[in-house]
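Q: Residue numbers (the UniProt record's numbering): 1 to 364.
Where a beta carbon is used, it is the ideal one built from N, C-alpha and C, also for glycine.
Remember, predicted model here, so these are calculated numbers, not experimental data.
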Amino acid sequence: MTDPNNLDHGGLPPSMDISLWRTLDAAANRASEGLRVIEDFVRYGQNDSFLTTELKSLRHQLDSTLQRFDRSQAIQSRDTFGDVGTTVQGKLEQSRADWSDLLTANFKRLQQALRSLEEHAKLIDAEVAASFERARYLTYSLEKMVMTTVAASGAFPEVSIYVLTDGRADGPSFDTFVAKLVEAEVDVIQLRDKNLDDRTLLARAEALRKRTAGTATKMILNDRTDLAKVSGADGVHVGQEELTVSQARSVLGVGKLVGVSTHSIEQARQAVRDGADYIGIGPTFPSGTKTFDAFPGVKLLREVAKEITLPGFAIGGIDVSNVTEVAEAGIRRVAVSGCVTKADDPGAVVRELRKSLTLDSPNS
Ligand SMILES: Cc1ncc(COP(=O)(O)OP(=O)(O)O)c(N)n1
Ligand SMILES: Cc1ncsc1CCOP(=O)(O)O
Ligand SMILES: [Mg+2]
């Protein structure tokens with residue numbers, strides 16, 4: 001294709017020519033409008049600068065493909081009053097049940113418009129058609145990212161306490177301990193024990209399931225997607241070297257949570273692209289539970305808070321003495337272990353942490 005304004009129409013008869021332009025014009029407008037609705041929601045409704053940037057880059061790709069058509073021909077061929085479709089509007093198009101319905105409808109509109117652009121562009125230029133196809137595939141990933149982020153934001157309260165616990169000394173003391181956490185209304189309990197044999201670990205997971213069932217406390221298994229599945233956990237937490245988010249999801253099935261550890265802003269962005277339900281961000285401070293060589297610290301918390309609205313839990317060495325630093329960095333969800341598991345009164349520590357995260361911080 002040498003001259004983008006003089007595309008070869010594949011020898012179409014003139015009557016077909018004008019209707020082709022009308023179709024392309026209408027589909028281009030539908031695609032841009034659908035995309036703009038989604039972008040506005042993510043930008044103004046969700047305040048998510050990362051997703052806004054991802055959507056913007058699709059808009060730029062689409063604009064540059066559309067520029068390869070002579071839009072003046074398309075506009076000249078416009079015939080809104082003669083368009084039979086403008087009066088055939090279903091009642092459903094005028095109402096949306098909720099944000100999810102609104103987003104789904106607009107992603108569909110966008111994808112259908114891109115498919116129409118792609119198919120009709122095949123009559124003119126294969127390269128342009130392929131570009132619309134690429135844009136359509138991109139919308140499938142964007143849909144996953146946007147829908148997961150918005151749904152997950154509702155799944156974890158804005159101030160959340162997430163406690164990681166090992167299997168304790170024995171079954172009864174584990175059961176007593178997790179009962180205290182549930183009573184303290186901890187938002188998430190993660191069973192993380194690298195030493196127990198599989199059957200003992202599964203027994204602890206089943207005890208945790210019993211204690212958390214029917215409560216607002218979610219149950220997550222660390223590393224072990226298989227045991228999360230067998231015990232009916234609410235989800236699994238995976239690290240950077242473990243199963244990927246989509247592998248874990250394919251084992252657990254739909255409706256389960258998959259969290260992933262992130263140690264840099266790029267890993268946090270990738271977790272959003274991968275469709276994680278939440279991220280662990282850290283390590284923030286030196287930890288008595290796990291040793292680390294490097295600490296992305298509160299700088300990473302600030303970076304994530306600035307651009308990502310997928311729920312993010314700061315982790316690593318957090319306790320009542322430093323939790324305000326976390327809140328000041330813009331993160332109000334924390335994952336803690338030692339400060340709660342070693343406390344004489346775990347419930348009191350949970351309440352203290354929650355109080356500090358709830359207070360208005362100077363930088364928030
Ligand atoms: C909430 C949360 N965030 C981070 C981690 C760490 O996971 P990972 O990097 O896989 O390390 P291990 O916990 O497996 O040693 C976590 N467990 N939970
Ligand atoms: C598993 C893990 N990954 C990063 S920090 C951490 C341990 C968190 O425990 P603590 O709150 O005691 O530092
Ligand atoms: Mg792990």
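1. Please confirm whether GLY275 and THR139 have their CB atoms less than 7 angstroms apart.
2. Just grab the DSSP bridge partners of THR262 for me.
3. For ARG36 and LEU208, what's the separation of their Cα atoms in angstroms?
4. Looking at ILE315 and ligand 1, is the gap between the Cβ and the nearest heavy atom below 6 angstroms?
5. Give a yes or no on whether the C-beta atoms belonging to LYS229 and VAL258 are separated by under 7 angstroms.
6. Using the beta-carbon count (16 or more within 10 Å), is GLY282 buried or exposed?
7. For the beta strand (DSSP E) that ASN222 lies in, which residues bound it at each end?
8. Where does the unbroken alpha helix (DSSP H) through GLN190 begin, and where does it stop?
9. So is THR284 buried or exposed if we call it buried at 16+ other beta carbons inside 10 Å?
10. Heavy atom of ligand 2 less than 6 angstroms from the Cβ of THR289, yes or no?
11. Which class does VAL159 belong to by DSSP, given the choice of helix, strand or coil?
12. Is the separation between the beta-carbon of GLY316 and that of SER356 shorter than 7 angstroms?
13. If you draw a straight line from the alpha carbon of LYS122 to that of VAL128, how long is it in whole angstroms?
14. Would you say the beta carbon of SER264 is closer than 6 angstroms to some non-hydrogen atom of ligand 1?
15. Give the straight-line distance between the Cα atoms of VAL245 and SER231, rounded to the nearest whole angstrom.
16. Within the continuous beta strand (DSSP E) that includes PHE313, where are the two ends?
17. Return yes when the Cβ of ALA152 is within less than 7 angstroms of the Cβ of ASP277, no when it is not.
18. Does ligand 4 have a heavy atom nearer than 6 angstroms to the CB of ASN47?
19. Can you round the beta-carbon distance between ALA135 and LEU114 to whole angstroms, since I take them to be within the 8 angstroms contact cut?
20. Rounded to whole angstroms, what is the Cα-Cα separation between ALA271 and GLN240?
21. Would the beta-carbon of VAL334 fall within 7 angstroms of that of ILE318?
22. Alpha carbon to alpha carbon, how far is GLN111 from HIS120? Give it in angstroms, no decimals.
23. In terms of residues, what are the limits of the beta strand (DSSP E) holding VAL236?
24. Going by beta-carbon coordinates alone, are ASP234 and LYS210 separated by less than 7 angstroms?
25. Only counting the same chain, and skipping five residues up and downstream in sequence, which positions put a Cβ closer than 6 angstroms to that of SER346?
26. How about the stretch 291-309 and the stretch 47-56: do they share at least three Cβ pairs that are nearer than 8 angstroms?
27. Is the beta carbon of ASP198 within less than 6 angstroms of some heavy atom of ligand 3?
A: Answer, in terms of the structure:
1. no
2. ILE281
3. 45 angstroms
4. yes
5. no
6. buried
7. 218-222
8. No alpha helix (DSSP H) contains GLN190, which is instead part of the beta strand (DSSP E) from 188-191.
9. buried
10. yes
11. coil
12. no
13. 8 angstroms
14. no
15. 19 angstroms
16. 312-315
17. yes
18. Because ligand 4 does not appear in the structure shown, any question about it cannot be addressed here, the ligands present being ligand 1, ligand 2 and ligand 3.
19. 5 angstroms
20. 10 angstroms
21. yes
22. 14 angstroms
23. 235-238
24. no
25. The question names Ser, but residue 346 is Pro in the sequence shown. Same-chain partners within the cutoff: LYS180 and VAL340.
26. yes
27. no
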